[in-house]
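Structure, as structure tokens:
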Amino acid sequence: MKSRILNSGFNGLWQMMPAISSLTISLVVVRHYSSDIWGVIAGVLIVQQITTGLLNWGNKDYIQKALADFPSQIGHIFTALFLERLVLLVAAVAILYAFQISEYSLPLILLVIGHFTRQSFDVLILQKRLFVPFALIESLILVTQIAFILQSNNTSEVLYIMAFGALLRGALPMLWFLNQFKAPKWSQSHVLLSGGFAMIAIAGFLASKVDLLVFKFLFESKPALLGEYQVYMAFAWSIQALAAYFASPYVPHFYRLAEKGKLSVESQFMKVGLIIVPLAVGMSHVVLTMFFGFQFDILTVPLLMVLGFNAFLLTPIIYRLYAMNKQMLVAGVIAMATLVLPLLIFSAASFVELNLIWSIFLVCLHNSILVLVFHLIHAKQSLQ
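Sequential numbering from 891 applies to the sequence shown in this note's numbering.
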């Protein structure tokens, strides 16, 4: 049990490094420059995050399922999927360049390439248990970035510093795992085979970002409020991500367990959640108030707590549905939820003037309903 928690914790630390880097840089920018500047940068990062979320294409979940089903073929499967996703990356870069989606198109493209490369190899770092060395390396990169940002003069320079850091974070694991590339074998396109996981990843990612797009529109004249909301929700999604980080090292093993074993793992998982979520929420508020200088509002505490506990309630149910090969069902439900959230936000905006608390509350309400829906779906599927 202790070994599992330590492995999950180290994995969580490494996988949280992109969020930690973004939050730390946002702190530096807000304190050294202003919330308005970070609001502009956040707008670029929203486009980058959506693009790399689409390019992820269910990579980790598909490879983890392959580890459980075809462990001896994992190198061939990984290489084939990487090459196919590389084609998608080239297409995405061409679109970003051709349509000039942002006035900061070049750093945006570099950010996309860096994050794509890093997320391609995170499953291998997970498999080889190399969390600690890569977390240390990324920490050194972050410290270097901060030193350069403090010497920067404008928004463009900050974005380029972030972009080159992202490229370095992607290049290092790629160089480390060059020997893991094997001759690809195609009986069928792995992009198509991973389609179910891709739809889940895309739908889930858009569901976690659609609120930012909506609020970017609603708060167009209030960049400081958008920047503050983005920082709060970055903490909220990082807390939610802890559930996946603690679970991910043992997903292939979970697929093979009998019902009794799955119940035991789920029980241990919930105990971890009951400890981790309050600690994470408390630490988040210390950082938000003491370092970011945001005014403390007690209402944000229960809202972030609910979002955190929801993730620990939902994660085991999702993996149970994966084991039933219900990936497309999961994707469909998340896609529907993604469409509902903007309607909920715009409807609320027609009745009340949205502020930080109202905005987080709407996302929290939507997320809680989604958890309930998935529990009902799993109960129904288990009876069939």
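Just so it is clear, CB atoms sit at the ideal spot from N, CA and C, and this is done for glycine as well.
- Secondary structure at N946: helix, using DSSP grouped into helix, strand and coil.
- Within the same chain, T1007, S1010 and F1011 come within 8 Å of M1064 by CB-CB distance, once the 5 residues on both sides are set aside.
- I1188 sits in coil when the DSSP states are folded into three classes, being neither helix nor strand.
- For Q1035, the enclosing alpha helix (DSSP H) starts and ends at F1021 to I1039.
- V920: member of the alpha helix (DSSP H) spanning M907 to H922, first to last residue.
- Taking every protein chain shown into account, the CB of Y1209 has 16 or more other CB atoms within 10 angstroms, so this residue is buried.
- A straight line joining the alpha-carbon of A1213 with that of I1039 spans about 45 Å.
- Note on geometry: alpha-carbon atoms of V1171 and E1047 lie some 32 Å from one another.
- For Y994, there is no enclosing alpha helix (DSSP H), since its DSSP letter is neither H nor E.
- With respect to the 8 Å criterion, F1107 and Y1119 are not classified as neighbours on the basis of their beta carbons.
- Taking C-alpha positions only, H1005 is separated from A1056 by approximately 6 Å.
- Contact annotation: the segment 1224-1243 touches the segment 1076-1094, with at least three C-beta pairs closer than 8 Å.
- Annotated as distal: L1014 and F960, with beta-carbon spacing of 8 Å or more.
- Using a Cβ distance threshold of 8 Å, F968 and I991 do not count as a contacting pair.
- Judged by beta-carbon spacing, L1049 lies within the 8 Å limit of P997, meaning their Cβ atoms are closer than that value.
- In this structure, DSSP gives V1242 a state outside helix and strand, which the three-state scheme calls coil.
- Secondary structure of F1236 (DSSP, three-state): helix.
- Cβ contact annotation for A1088 (same chain, cutoff 6 Å, sequence separation greater than five): W947 and G948, in chain order.
- E1156 and P1206 have their C-alpha atoms roughly 7 Å apart.
- In this chain, the alpha helix (DSSP H) harbouring L1062 covers T1045 to W1066.
- Around the C-beta of G1183, fewer than 16 other C-beta atoms lie within 10 Å, and the residue is accordingly described as exposed.
- When the five nearest sequence neighbours on each side are left out, the beta carbons in the same chain lying within less than 6 Å of the beta carbon of I1051 are those of Q1035, F1038 and I1039, in order along the chain.
- Between L1194 and I1129 a beta carbon distance of about 6 Å is seen, short of the 8 Å cut, so the two are scored as contacting.
- In terms of Cα proximity to A1201, the closest of S1098, W1248, S1249 and N1245 is S1098.
- Taking the Cβ atoms as the reference, Y1135 lies roughly 11 Å from M907, outside the contact range of under 8 Å.
- For K1150, the enclosing alpha helix (DSSP H) starts and ends at E1149 to V1176.
- Scanning its chain for C-beta atoms nearer than 7 Å, with the 5 sequence neighbours on each side dropped, one finds around T942 the residues V1002, H1005, F1006 and Q1009, in chain order.
- In this structure, A1124 sits away from A984, with a CB-CB distance that is not shorter than 8 Å.
- Counting of Cβ neighbours within 10 angstroms places R975 among the buried residues, the total reaching 16 or more.
- Within 10 angstroms of the beta-carbon of F1241 lie fewer than 16 other beta-carbons, which makes it exposed.
- DSSP places Q1130 inside the alpha helix (DSSP H), whose first and last residues are P1113 to A1137.
- Taking C-alpha positions only, S1272 is separated from K1216 by approximately 12 Å.
- The shortest C-alpha to C-alpha distance from S1249 to any of Q963, L1189, F1264 and K1161 is the one to L1189.
- DSSP, read as helix, strand or coil, puts E1110 in coil.
- Annotation: I999 to F1024 spans about 24 Å, alpha carbon to alpha carbon.
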